[in-house]
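**Q** Sharing a structure, written as structure tokens. Questions coming.
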Amino acid sequence: MGRGGGYPLPAMTRSRLPAVFVAFFLAGLACLAGCKTAKSGKGRPDYGRPLPDGAPALLLLGPGEPRPDWSADFENRAEILTALEHSLFYLRRPIAKKYYPQAGIEHETAWLSLERFRELLQESTLGLSFARAVDREFDVYKSAGWDGAGGGLLFTGYCTPILKGALEPSAQFAHPLYALPHDLEKSPDGEIIRWKTVSGQTLPYPNRRVLEASSLLKDKDLELAWLADPLDAYIAHVNGSAFIELPDGSLHRLGYAGKNGRQYVSLGRELIEAGEIPREEMSLPAIRAWGRRSDPAKVKEFLDKQDSYVFFQPIDGNPHGCLDVEVTAGRSLATDKTLFPRAALCFADTQIGGGTKFRQFMFDQDRGGAIRTAGRADIYLGIGPEAEAEAGRTQGEGQLYYLFLKPERVAELRGSGKYALPEKDPKWDKSPR
């Protein structure tokens with residue numbers, strides 16, 4: 163990856179990269195439009211609407227219901243296998259069982275589905291024979307979507323930005339990114355956040371405004387990097403990871419370590435509602451231009467509306483999602499993890515960028531910070547300016563499918579003794595398979 167040149171996107175999306183905004187800035191805008199829709203009966207669906215209590219997140223397709231063309235993505239099987247290995251690594255870990263069953267799917271089913279899908283990718287020689295085997299051996303589920311009846315989802319994109327910064331503070335670089343503080347306690351998956359005070363109490367962790375106005379994080383050797391602009395720091399928080407381009411041109415890689423557990427608020431939505439930027443003009447360049455022309459106190463006022471605060475950690479490779487495995491451009495999906503099975507095989511049928519068709523296998527490997535619904539999903543689109551541009555243009559409607567082995571195939575594979583989970587927590591093996 164050349165500095166500032168962006169991270170390679172999947173083969174079918176690599177050529178069209180128009181520059182606009184990071185979609186996470188608009189998280190919640192679809193819901194805003196949807197709420198108006200619910201009142202007027204016109205326009206877009208309410209993609210932010212939560213599923214009713216007890217409603218299934220996955221709907222099993224019947225024998226006669228249409229399915230995607232699995233064969234079209236077969237030529238990209240090397241990309242698929244790379245992301246699949248990360249999901250398999252997670253599902254082989256003991257902690258994965260904690261989050262199953264989910265949406266009616268058992269852990270064994272999710273794990274064996276990936277084992278068998280990998281075999282089909284490796285053994286098949288033609289896309290058509292591969293697709294026939296998938297249809298023969300796998301059940302296909304459709305996401306319940308925004309309406310709970312398979313009415314579709316809104317797909318947006320996210321990325322890992324490359325931001326200019328330094329390892330020491332200066333007049334130019336004065337906005338820090340912090341490591342996870344020692345007084346912040348979380349569950350192994352990072353979902354439950356508590357503040358352990360000096361008196362021994364456990365309280366909700368302070369919000370962004372309090373953290374930045376106080377000395378809670380200062381002088382504790384938590385600063386990992388310093389950025390030139392408060393909006394750059396905000397972008398890093400919104401995306402959950404950042405690569406920092408240092409003055410010597412090298413990259414300092416930071417990944418997600420945890421957050422304060424507070425509610426996510428969309429900056430884009432706040433700026434639109436306040437009349438600062440027209441909705442039709444909303445983009446990352448527009449937000450940056452607004453920041454440059456606005457009084458710093460006003461910028462701080464809007465940034466402080468965001469209660470959520472993210473903490474980082476140095477990483478060697480690519481960013482990790484909420485499963486603590488690397489995310490893969492165009493192959494990793496972020497969804498509501500209270501609804502959908504972690505690490506599972508899925509297939510997205512939507513558009514990215516300015517209308518490029520996106521129909522390919524993915525893996526549910528991350529959590530969307532603003533996603534609390536079956537009507538939303540975020541596609542990870544890579545690292546750097548090109549990925550940022552593509553993520554910014556991605557706001558497409560579509561369908562999301564999950565694939566799991568049929569019960570009789572699960573029973574056959576269980577009885578064969580061909581696969582076995584490791585007795586101990588496995589170590590990541592980067593050797594080719």
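Those letters in the sequence shown? Residues 163 to 595, by the numbering used here.
Using N, Cα and C, we set each Cβ at its ideal position, and we do this for glycine too.
Quick caveat: nothing in here was measured; it's all calculated off a predicted structure.
Under 9 angstroms between the Cβ atoms of residue 529 and residue 496?
**A** Yes, the Cβ-Cβ distance between residue 529 and residue 496 is below 9 angstroms.
**Q** Quick check on DSSP: helix, strand or coil for residue 287?
**A** Note: residue 287 maps to coil in three-state DSSP.
**Q** Opposite residue 511 in the DSSP bridges: which residues?
**A** Per DSSP, 521 and 561.
**Q** Thinking just about the alpha-carbon of each residue, which of 328, 401, 471 and 407 is nearest to the one in residue 481?
**A** Closest option to residue 481, Cα to Cα, is 401.
**Q** Helix or strand or just coil, what does DSSP make of residue 257?
**A** In this structure, residue 257 counts as helix in the three-state DSSP scheme.
**Q** Any idea if residue 241 is buried or exposed, counting beta-carbon neighbours within 10 angstroms, 16 or more meaning buried?
**A** Its Cβ being crowded by 16 or more others within 10 Å, residue 241 is buried.
**Q** Could you spell out where the alpha helix (DSSP H) holding residue 452 opens and where it closes?
**A** First-last of the alpha helix (DSSP H) with residue 452: 446-455.
**Q** By a C-beta neighbour count over all protein chains shown, 10 Å radius and 16 as the cutoff for buried, is residue 410 buried or exposed?
**A** Answer is exposed; the Cβ neighbour count stays below 16.
**Q** Report the residue from 503, 471, 524 and 426 whose alpha carbon sits nearest the alpha carbon of residue 232.
**A** Residue 524 is the option with its Cα nearest to residue 232.
**Q** Who does residue 388 pair with in a DSSP beta bridge?
**A** Answer is 328 and 338.
**Q** Over the uninterrupted beta strand (DSSP E) stretch that includes residue 489, give me the two end residues.
**A** It is not in any beta strand (DSSP E) - residue 489 carries neither H nor E in the DSSP assignment.
**Q** Check the C-beta distance from residue 510 over to residue 560 and give it rounded, since I have them as a contact under 8 angstroms.
**A** Right, the Cβ-Cβ distance comes to about 7 angstroms (below 8 angstroms), so this counts as a contact.
**Q** According to the Cβ coordinates, are residue 236 and residue 288 closer than 9 angstroms?
**A** For residue 236 and residue 288, yes; Cβs fall inside 9 angstroms.
**Q** Rounding to the nearest angstrom, what Cα-Cα distance links residue 501 and residue 332 in this structure?
**A** Looking at the two C-alpha atoms, the distance is approximately 45 angstroms.
**Q** Give me, in chain order, the residues of the same chain whose beta-carbon lies closer than 6 angstroms to that of residue 522; leave out the 5 immediate sequence neighbours on both sides.
**A** Result list for residue 522: 235, in chain order.
**Q** Since residue 416 and residue 395 are thought to touch, with beta carbons under 8 angstroms apart, how far apart are those beta carbons, to the nearest angstrom?
**A** Wrong, their Cβ atoms sit about 11 angstroms apart, outside the cutoff.
**Q** Got a sec? Which residues, its chain only, sit under 6 angstroms from residue 295 by beta carbon, not counting five neighbours each side?
**A** Same-chain partners within the cutoff: 282.
**Q** Since residue 403 and residue 322 should fall inside the 8 angstroms C-beta cutoff, what is the C-beta to C-beta distance between them, to a whole number of angstroms?
**A** Correct: roughly 5 angstroms between the Cβ atoms.
**Q** Please state whether DSSP places residue 502 in a helix, a strand or coil.
**A** Coil at residue 502, not helix or strand.
**Q** Does the Cβ of residue 541 have 16 or more other Cβ atoms within 10 Å, making it buried, or fewer, making it exposed?
**A** By the neighbour-count rule (16 or more Cβ atoms within 10 Å), residue 541 is buried.
**Q** Taking the alpha helix (DSSP H) that residue 362 falls in, what are its first and last residues?
**A** Taken as a continuous stretch (DSSP letters only), residue 362 belongs to no alpha helix (DSSP H), as it is neither H nor E.
**Q** From residue 515 to residue 546, what does the alpha carbon distance come to, in whole angstroms?
**A** Roughly 15 angstroms between the two C-alpha positions.
**Q** Tell me whether residue 575 is buried or exposed, calling it buried when 16 or more other Cβ atoms sit within 10 Å of its Cβ.
**A** Buried, since its Cβ has 16 or more Cβ neighbours within 10 Å.
**Q** What does a CB cutoff of less than 8 angstroms around residue 263 pick up in its chain, not counting 5 residues either side in sequence?
**A** Only 269 meet the Cβ criterion.
**Q** Would residue 114 pass as a contact of residue 254 if the rule is Cβ separation under 9 angstroms?
**A** Given that the chain is displayed from residue 163 to residue 595, the structure contains no residue 114 and the question cannot be resolved.
**Q** Output needed for residue 284: all residues of its chain with C-beta closer than 6 angstroms, excluding positions within five of it in sequence on either side, in chain order.
**A** Counting only Cβ-Cβ distances below 6 angstroms, and skipping sequence neighbours, we find nothing.
**Q** Among 227, 275 and 261, which residue has its Cα nearest to the Cα of residue 247?
**A** Per the Cα distances, 275.
**Q** Looking only at its own chain, which residues have a Cβ that is under 6 angstroms from the Cβ of residue 418, when we skip the five neighbours before and after it?
**A** Answer for residue 418: 402 and 403, listed in chain order.
**Q** So is residue 257 buried or exposed if we call it buried at 16+ other beta carbons inside 10 Å?
**A** So residue 257 counts as exposed.
**Q** Please list the segments of the beta strand (DSSP E) lying wholly inside the stretch 372-426, counting only runs of 3 or more residues, in order along the chain.
**A** Segments of the beta strand (DSSP E) lying fully in the stretch 372-426: 385-389, 404-407 and 413-421.
**Q** Going by other Cβ atoms of all chains shown within 10 Å of its Cβ, with 16 needed for buried, is residue 280 buried or exposed?
**A** With 16 or more Cβ atoms within 10 Å of its Cβ, residue 280 is classed as buried.
**Q** DSSP puts residue 436 in a beta bridge; with which residues?
**A** Partner(s): none; residue 436 has no beta bridge.
**Q** Reducing DSSP to helix, strand and coil, say where residue 119 ends up.
**A** Outside the shown range of the chain (163 to 595) lies residue 119, about which nothing can therefore be said.
**Q** I'd like the span of the beta strand (DSSP E) that includes residue 495, first residue to last.
**A** Residues 494-497.
**Q** Since residue 444 and residue 430 are thought to touch, with beta carbons under 8 angstroms apart, how far apart are those beta carbons, to the nearest angstrom?
**A** Indeed, because the Cβ distance is near 5 angstroms, the residues count as touching under 8 angstroms.
**Q** Would you tell me roughly how many angstroms separate the C-alpha atoms of residue 508 and residue 564, rounded to the nearest one?
**A** Roughly 4 angstroms between the two C-alpha positions.
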